[in-house]
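Here this note's numbering is used: the first residue of the sequence shown is 140, the next is one more, and so on.
The beta-carbon is built from N, C-alpha and C at its ideal position, and this holds for glycine as well.
Single-structure report; data block below.
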Amino acid sequence: MSLRRLEILQWVGLLLGALVWTGQHVVGYGVTEAACSPGGTHWGIRTDTWEAVLMAAAAGCVLAAGLAAVTVVVRTREESYESPPPTGRVRFLAIAAITANLIFLVIILLDGLGSIFNVACRQG
């Protein structure tokens, strides 16, 4: 695999998790707001289903991003993250991407499960 493709995979692995979590959180918030607003009550929006689908899709994308980062680490196994650029940098950022994607996967699962099991539209 060429260095250019490894760099692309490394950036996908590094950035996709954060972008997917942001999208899942914002869309999930919007679904809850739509379901709880007076204008959205006649639509019959079930937030549990939407949140479960969002959580599953986001988790799948984060796992794909993690797989991209793992691919880069495996393909650069002869190098060290202390090697001179660009291969050392690519390997270092891929290792950071694996760690970040694990964190984002936990955040997505906590965000989704919290939204599913919480009672929406409860007035405080």
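Residue i - DSSP class collapsed to helix/strand/coil
{"i": "Ala-191", "result": "helix"}
{"i": "Ser-254", "result": "helix"}
Distance, residue j Cα to residue i Cα
{"i": "Arg-261", "j": "Arg-143", "result": "51 Å"}
{"i": "Trp-150", "j": "Arg-185", "result": "36 Å"}
{"i": "Ser-141", "j": "Gly-152", "result": "17 Å"}
Local Cβ density within 10 Å of residue i, reported as buried at 16 or more and exposed below that
{"i": "Glu-190", "result": "buried"}
{"i": "Trp-182", "result": "exposed"}
{"i": "Ser-254", "result": "buried"}
{"i": "Ala-197", "result": "buried"}
{"i": "Asp-187", "result": "exposed"}
Review point. Can we say the stretch 169-184 touches the stretch 227-239, given the rule of at least three CB pairs closer than 8 Å?
Key: no
Check your understanding: Can you give, in chain order, each stretch of the alpha helix (DSSP H) that sits fully within the stretch 143-218 and has at least 4 residues?
Key -> 186-214
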